[in-house]
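In the numbering used here, the protein residues as written are 24 to 167. We treat Cβ as the ideally placed atom computed from N, Cα and C, and that holds for glycine. For reference, the structure discussed in these notes is given below.
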């Protein structure tokens, strides 16, 4: 499995793993039995393209399943044990979090509705709460 993805593991794969953990997206999986990684490879830029974020902030998110099935799960130990890399990712999350209110304010009203008269299952307060975890020490505790 890893051989098929050599060259995209770092830093793109590690960043993808941290981002998916942050937004609680459990829909980027690949195991020996198959999966749905939701990734493309841009050959002109030789870089990973991450697609399909519809499972972000899932109410059914399972940290155990995430650790077991995420396509880049093997990168986690290297991220948390390398304080320099961990600090780098934490700063990137802080920078993104600082833009959250602007991003939420820019969402078109239609995004808050699944259908006419049916509100989407999107709670901005729950999103704020989930994303704020990045600066908590236990954020990096993704137990195997």
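Near residue i, what residues of its chain come up, given a Cβ to Cβ distance below 8 Å and the 5 sequence neighbours on each side ignored?
i, result
"residue 121", "none"
"residue 141", "none"
"residue 126", "none"
Alpha carbon to alpha carbon, how far is residue j from residue i? Give it in angstroms, no decimals.
i, j, result
"residue 138", "residue 100", "42 Å"
"residue 73", "residue 61", "6 Å"
"residue 52", "residue 43", "11 Å"
"residue 164", "residue 103", "8 Å"
"residue 41", "residue 118", "14 Å"
Who are the Cβ neighbours of residue i in its own chain at under 6 Å, not counting the five residues just before and after it?
i, result
"residue 79", "46, 48"
"residue 162", "156"
When the cut-off is 7 Å and only beta carbons count, does residue i lie next to chain C?
i, result
"residue 161", "The structure shown contains no chain C; it holds only a single protein chain."
Considering only residues of the same chain and omitting the five flanking positions on each side of residue i, which have a CB-CB separation below 7 Å?
i, result
"residue 116", "45, 157"
"residue 75", "50, 61"
I'd like to confirm the pairing. Which residues does DSSP put opposite residue i in its beta bridges?
i, result
"residue 164", "Note: residue 164 sits in no beta bridge, so no partner."
| said: For the stretch 33-47 against the stretch 83-98, do three or more pairs of beta-carbon atoms, one drawn from each stretch, fall closer than 8 Å, so that the two count as touching? | reply: A contact exists between the stretch 33-47 and the stretch 83-98.
| request: Indicate whether the contact test is met: 3 or more Cβ pairs, each with one atom in the stretch 101-113 and one in the stretch 70-87, closer than 8 Å. | output: Taking a cut-off of 8 Å for Cβ pairs, the stretch 101-113 and the stretch 70-87 do not touch, as fewer than three such pairs fall below it.
| query | Going along the chain, which unbroken runs of the alpha helix (DSSP H) with 4 or more residues stay wholly within the stretch 41-114? | reply | For the stretch 41-114, the full-length alpha helix (DSSP H) segments reaching 4 residues or more read 86-92, 99-104 along the chain.
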